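As C-alpha cells, the structure follows; a few thoughts come after it.
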Amino acid sequence: GTVDTSKNGTYVLYYKYKKKNITRNVIVGDKKTDGSVWYTLTINPNGGYFNESNEITLYNLKEGRNQDVSDIIKVGNDFVNWSYTCTGCTIIDGIFKMGTSNASLVAVWNPLPKLTVELNGGTTSQVFSAYYHQGDEIQLITPSKTSNMFKFWSFTGDGAQLNGDIFKVGTS
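Under our numbering, the first residue of the sequence shown carries the number -3, and numbering increases by one thereafter.
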C-alpha cells in the first residue's frame, strides 16, 4: 500500500514478510526531525484477535505516545493481560504508553470451560452456549423424548456441581 504523507493521520499497511502477514500502522504528522526517538511496538494477539486482526501488528511510536490496546478477543477464552517487555512503558486501563525501548506485547489467555450437552435422542427448547465461566449457574430445562421419561442429568468435569435443576460450571 501507499501513504499520502501530505495528509496527517494514521494509516494501516498490510504486507507479507517471510511468509507472515504483517499489519503496520503508520502515523503521519509527527516529525522525526524534532530529535525525539521512535520505537516499534509489536503486538501479538497469541491466537486471538487484536483490532479484528489475528496477525502481528506493528506501530512506530515516539516515547510517551499512547496506543489503545484494549480491543482484544479470543473465542472460548478470557483475556488475562498483556505480557510485555520494554523499558519504561506502561499499560493502564487498556492504554499502552511507549517507554524508552522497542516494546513487545503478547496476549495472555485463560481458556473457558466448554459445555457439551448430549440429549441421547431427546430434545429441549433450551439453547446452550459453548463456553461458560467457572461458577456460572445454568437452570436446566427437562428434556423430552417420545415414549421415554426423563430420569436425571449426569455430568463430568472438575468442580462441576448439580443441585436439582441448577448446574454450576466447574473448571473443565
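The beta-carbon is built from N, C-alpha and C at its ideal position, and this holds for glycine as well.
Since this is a predicted model, take the numbers as computed values, not measurements.
Out of Trp149, Asn47 and Lys164, state which residue places its alpha-carbon closest to the alpha-carbon of serine 140.
That would be Trp149, whose Cα lies nearest to the Cα of serine 140.
Could you tell me the distance, in whole angstroms, from the CA atom of aspartate 161 to the CA atom of histidine 129?
Rounded to whole angstroms, aspartate 161 to histidine 129 spans 18 angstroms at the Cα level.
Secondary structure at tyrosine 13, three-state DSSP: helix, strand or coil?
Tyrosine 13 falls in the strand class under three-state DSSP.
Mind reading off the beta-carbon distance from phenylalanine 124 to leucine 111? Whole number of angstroms is fine, and I expect it under 8 angstroms.
Correct: roughly 6 angstroms between the Cβ atoms.
Report the option in Ala156, Tyr127 and Leu136 whose CA atom is closest to the CA atom of serine 72.
The residue you asked about is not serine; residue 72 is glycine in the sequence shown. Of the listed residues, the one whose Cα sits closest to glycine 72 is Tyr127.
By Cβ distance below 8 angstroms, which residues in the same chain neighbour threonine 81 in space, the five residues on each side in sequence not counted?
The residues are Ala99 and Ser100.
Evaluate asparagine 42 with the Cβ neighbour count: other Cβ atoms within 10 Å of its Cβ, from every protein chain shown; 16 or more gives buried, anything less gives exposed.
So asparagine 42 ends up on the buried side.
Taking the alpha carbon of asparagine 56 as the point to measure from, which residue in Thr38, Asn50, Ser66 and Ile137 has its own alpha carbon closest?
Checking every option, the nearest Cα to that of asparagine 56 belongs to Thr38.
Applying the 10 Å Cβ sphere with the 16-neighbour rule, what's the burial state of lysine 70?
The residue in question, lysine 70, is buried, as its Cβ has 16 or more Cβ neighbours within 10 Å.
Check this for me: beta carbons of asparagine 106 and valine 76, under 8 angstroms apart or not?
Yes.
Do lysine 93 and threonine 83 have their CB atoms nearer than 8 angstroms?
No, they are not a contact pair.
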